[in-house]
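Trainee: Line order of the protein sequences matches chains R and P. Under this note's numbering, the first residue of the first sequence is numbered 1, with each subsequent residue one higher. Under this note's numbering, the first residue of the second sequence is numbered 1001, with each subsequent residue one higher. Heads up, the beta-carbon is just placed ideally off N, CA and C, and yes, glycines get one too.
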Amino acid sequence: MKLLIIEDEIPLRDSIQQYMETQGYRCETAGNFMEAMDKIDFYEYDCVLVDIGIPMGSGLDIVKELKAIKSKAGIIIISARDAVDDKISGLQLGSDDYLTKPFHLSELNARIAAVIRRRHFNGDEKIMFNEIEISHVAKSVKVKGTSVELTQKEFDLLVYFINNKGRVITKSALAQHIWGDHYDQVVSYDFLYTHIKNLRKKLVEAGAEDYIKTIYGTGYKFTDN
Amino acid sequence: MKLLTRTTIYYLLFCIPLLMASGCFLYFNIEKSLRHELDEELQFSNETWVRHLNKLSGEKDILELNNPFIQIEKTNIFSGQQYFSDTLLFESAEEQKVPYRSLTVFIEHNKQYYKLSFQRSVIEQRDVFKNLIGLMSIVFGGLLLLFLLINVYINKRLWKPFNSSLTKITSLNLQQLQQVHFDTVEIREFNALNTSLNAMTNKMQADYLSMKTFTQNASHEIQTPLAIIQSKLELLLQDSALTEQQSTVITSAFEATQRLSKLNQALLLITKIENNQFTAIEPVSIKSVVEKYQSFFAELLDQKKITVSVKTEHDWLLLLHPMLADMLISNLFGNAIRYNIQQGEICIDITAKSLDMANTSNLPAIDKTQLFYRFAKKNTDMGNGLGLAIVKEICDANKIDIRYSASDNLHRFKLTGSQQ
């Protein structure tokens, strides 16, 4: 899977690249409009991350160009502007998702995975992690072939964990993923603990190994070693 | 009072002394010339009579000539003078004394002196006066009518550009400034006004845009370094060599950047609401927003075992940007849960024009002067202290009246719409 990261802030671009490469993506980068245009015209990508405010042009024009050349790449806009206008125009132009800075790298990773899945597998990709099998279309989870009944939030958490397998995921990233922008109304992470506890219990009871490791004070890690 | 009505009144008020002065002038002039004419006439008839008398011979003949217009009597005194005098004589036709002008002359005829008096009735001053008053009233009435007609005309034609500019100003909206243009007109003053208005609206629009750009740039400038810090910390957390203590330190820093970012976003949001950067396109159903958050907060409600009762006689269809509607309800609802007690209650009452949200709480009533004040929170672990400030801004910008009251451990917020 190949990514193009169009972002002029080098430290941020490096962070994204570093995180995504450990997730198994091949990453290329562009720091300005011209460079980005050259790359999208010459190479094929599975997903393009576009910052709107870049030197020598606007990220929105890159989205337009990608649409014009009928690129198969998924498009995710990453912007510091949370202006509703930007969001609407970005999505109207045909970007698949919009992420406001600052964001969690784990969240970006989950979004990229979702966009690629929708684009390349018509959403019908089955995610496998050892004995766990997830079908997005059926919203079902099987452990060693046996169905496990999960709530919507537990399902979302599991998908998020598997997409970010082997990485430390902060509590706030999980809370924001599950409850969206209003996650700060949730006040405490008690609810998160409850959901994760239930998820672990259900998976273990179905015969899966306990892959969810608690990182004290920080969050969780989904790993099989 | 309309400007034209006021000017008309002034014109008419100034007309009154003018008309009075011209009336007096006319009166005295007319009377003077009338008297002059009368005297000339008397003089003329005197001369005619004297010529006639000189042709007569007998004394008897002369005295026989007595008639209402001429009195002749014999006299012993002779005075070569002649004089005019005013007198009142009884007139049977009018049954009252009326003023007469008379001329008295003395003549000598056959060694006998005679005194001759000629009389002519004078046109009464009162009649002149009456006529003049009548005339002046007609003039005044005519002027009034004329002014009114001119007013209508002026209002329709001359003041048209002014009125159209006025309409434009009153309906001025910062977000639609670029659509406002005051046209060039023929009248110099209105043109000057329109030119200044154009300059002013252009300036306002430029300021508004620069402020808007500044707001967005400020967000950009602050969010980007925050994004860098956050991503670096997140990468650092991936290091498997980290001790538990180190992880905790990094996580604290990570959480702090999150808070900073939320705070920045909230402050920018308030500025944007103040700048009216959210334009509502269609009404939102407050009932469905409340329902949305009731299910969104379901877990929180369950945890505290809070009973929610929603009473909706009518849905409140409020013209509000959907994002602001979400923010308004989520903040109020969130607070109602956050400051509630275990097994507490939340009562929501929605009518066609209002929303009433009451929650049980054992916290003291909020100080009304501090209620909507930014960062006025007392308790550091609850929210960022901007929730109610945002609520207040949304209400102010959208003509919603918000009231808070607290009694018997029941805190109540009431929103009332005043939109058309």
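#1: Evaluate the contact criterion for the region 1221-1239 of chain P versus the region 13-31 of chain R: three or more CB pairs, one atom per stretch, below 8 Å.
#2: Closest by CA to V1098(P), which one among I1281(P), N1340(P) and L1089(P)?
#3: Spatial neighbours of T1075(P) within its chain, please: CB distance less than 8 Å, with the 5 preceding and 5 following residues excluded, ordered by chain position.
#4: Quick check: what's the CA-CA separation for Q1303(P) versus I1390(P)?
#5: Anyone know if the C-beta pair for L1197(P) and I1222(P) falls short of 8 Å?
#6: Can you find at least 3 beta carbon pairs, one from the region 1211-1220 of chain P and one from the region 1262-1277 of chain P, that sit closer than 8 Å?
#7: Go through the region 1258-1312 of chain P residue by residue and report every complete run of the alpha helix (DSSP H) that reaches 4 residues or more, in order.
#8: Report the three-state DSSP secondary structure of P1068(P) (helix, strand or coil).
#9: Three or more C-beta pairs closer than 8 Å, one from the region 1146-1160 of chain P and one from the region 1006-1021 of chain P: is that the case here?
#10: Please decide whether S1171(P) counts as near chain R, where near means a Cβ-Cβ distance under 8 Å.
#11: Do G59(R) and I77(R) come within 8 Å of each other at the CB atom, strictly closer than that value?
#12: What is the C-beta distance between R81(R) and I52(R), in whole angstroms, given that I count them as a contact (C-beta under 8 Å)?
#13: In the structure shown, what three-state DSSP assignment does Y216(R) receive?
#14: Checking contacts by CB at 8 Å: is A1298(P) closer than that to chain R?
#15: Against chain R, does A1227(P) count as a neighbour if the rule is that its beta carbon must be under 8 Å from one of theirs?
#16: Counting C-beta neighbours from all protein chains within 10 Å, is the total for E1068(P) 16 or more, i.e. buried, or is it exposed?
#17: Take V1289(P) as the anchor and find which of K1156(P), L1324(P), F1372(P) and K1111(P) has the nearest alpha-carbon.
#18: Beta-carbon within less than 6 Å of L49(R)'s beta-carbon, same chain only, minus the 5 sequence neighbours each way: which residues are those?
#19: Return helix, strand or coil for M1001(P), following the three-state DSSP convention.
#20: Which residues, taken in chain order from the region 65-81 of chain R, show a beta carbon closer than 9 Å to some beta carbon of chain P?
#21: Given a cut-off of 8 Å on the beta-carbon distance, is the pair H1201(P) and N1191(P) in contact?
#22: Just the Cα atoms here: how many angstroms apart are L1056(P) and M1020(P)?
#23: Alpha carbon to alpha carbon, how far is L1235(P) from D46(R)? Give it in angstroms, no decimals.
#24: Taking just the CA atoms, how far does S1102(P) sit from D1044(P)?
#25: Would you call F1214(P) buried or exposed, if buried means 16 or more other Cβ atoms sit within 10 Å of its Cβ?
#26: Do N1359(P) and I1346(P) have their C-beta atoms closer together than 8 Å?
#27: Quick one, which residues of the region 159-180 of chain R are near chain P if we go by CB-CB under 7 Å, in chain order?
#28: Run through DSSP, which three-state label would Y19(R) get?
#29: Please give me, in chain order, every unbroken run of the alpha helix (DSSP H) with length at least 4 that falls completely inside the region 1008-1067 of chain P.
#30: Beta-carbon within less than 7 Å of S1261(P)'s beta-carbon, same chain only, minus the 5 sequence neighbours each way: which residues are those?
#31: Apply the 10 Å Cβ neighbour rule to T1048(P) and answer buried if 16 or more other Cβ atoms are within range, or exposed otherwise.
#32: If I follow the unbroken beta strand (DSSP E) through L1088(P), where does it start and stop?
#33: Using three-state DSSP, classify T1153(P) as helix, strand or coil.
#34: Rounded to whole angstroms, what's the CA-CA distance from A1298(P) to I1250(P)? Just pull it up for me.
#35: Could you give the distance in angstroms between the alpha-carbon of I248(R) and the alpha-carbon of L1242(P)?
#36: Note down, in chain order, all residues in the region 47-58 of chain R with a beta-carbon under 8 Å from any beta-carbon belonging to chain P.
Mentor: Reading it off the structure:
#1: A contact exists between the region 1221-1239 of chain P and the region 13-31 of chain R.
#2: Ranked by Cα distance from V1098(P), the options I1281(P), N1340(P) and L1089(P) are led by L1089(P).
#3: Counting only Cβ-Cβ distances below 8 Å, and skipping sequence neighbours, we find F1106, Y1113, Y1114 and K1115.
#4: The alpha-carbon atoms of Q1303(P) and I1390(P) are separated by roughly 27 Å.
#5: It is not a contact, given that the beta carbons lie outside the stated cut-off.
#6: In short, these stretches touch, since the Cβ pair count reaches three.
#7: Segments of the alpha helix (DSSP H) lying fully in the region 1258-1312 of chain P: 1286-1296 and 1298-1304.
#8: Three-state DSSP puts P1068(P) in coil, outside helix and strand.
#9: The region 1146-1160 of chain P is in contact with the region 1006-1021 of chain P.
#10: It does not: the Cβ of S1171(P) has no partner Cβ on chain R nearer than 8 Å.
#11: The Cβ atoms of I77(R) and G59(R) sit closer than 8 Å to each other.
#12: A Cβ-Cβ separation of about 6 Å places R81(R) in contact with I52(R) under the 8 Å criterion.
#13: Residue state for Y216(R) is assigned as coil, using DSSP reduced to three classes.
#14: Not one chain R Cβ lies under 8 Å of A1298(P).
#15: A1227(P) belongs to the set of residues whose beta carbon lies under 8 Å from a beta carbon in chain R.
#16: This sequence places Pro at residue 1068(P); Glu is not what is there. In the assembly as shown, P1068(P) is an exposed residue. Its beta-carbon has fewer than 16 other beta-carbons within 10 Å.
#17: Taking each of K1156(P), L1324(P), F1372(P) and K1111(P) in turn and checking the Cα distance to V1289(P), the smallest one comes out for L1324(P).
#18: Apart from the 5 residues on each side of it in sequence, L49(R) sits with its Cβ closer than 6 Å to the Cβ of I5, I76 and I78 in its chain, given in chain order.
#19: Here M1001(P) sits in coil by DSSP.
#20: Of all residues in the region 65-81 of chain R, I78, S79, A80 and R81 have a Cβ within less than 9 Å of some Cβ in chain P.
#21: First, the residue type needs correcting, since residue 1201(P) is Thr and not His in the sequence shown. Not a contact, by the Cβ cut-off of 8 Å.
#22: Rounded to whole angstroms, L1056(P) to M1020(P) spans 53 Å at the Cα level.
#23: Just so you know, the alpha carbons of D46(R) and L1235(P) end up roughly 23 Å apart.
#24: According to the sequence as given, residue 1044(P) is Phe; it is not Asp. Taking the straight line from one Cα to the other gives about 13 Å.
#25: Burial call: exposed.
#26: For N1359(P) and I1346(P), yes; Cβs fall inside 8 Å.
#27: So the list reads R167, V168, T170 and S172, given in the order they occur along the chain.
#28: Note: Y19(R) maps to helix in three-state DSSP.
#29: If we require 4 residues or more, the alpha helix (DSSP H) runs fully inside the region 1008-1067 of chain P come out as 1059-1064.
#30: Closer than 7 Å at Cβ, skipping near neighbours: Q1223 and L1226.
#31: So T1048(P) counts as exposed.
#32: In the DSSP annotation of this structure, the continuous segment of the beta strand (DSSP E) that includes L1088(P) starts and ends at Y1083 to E1091.
#33: Note on residue identity: the sequence assigns Tyr, not Thr, to residue 1153(P). Helix.
#34: Between the alpha carbons of A1298(P) and I1250(P) lies a distance of about 32 Å.
#35: Residue 248(R) is absent from the structure shown; chain R starts at 1 and stops at 225.
#36: Against chain P - using a Cβ distance shorter than 8 Å - the residues of the region 47-58 of chain R are G53.
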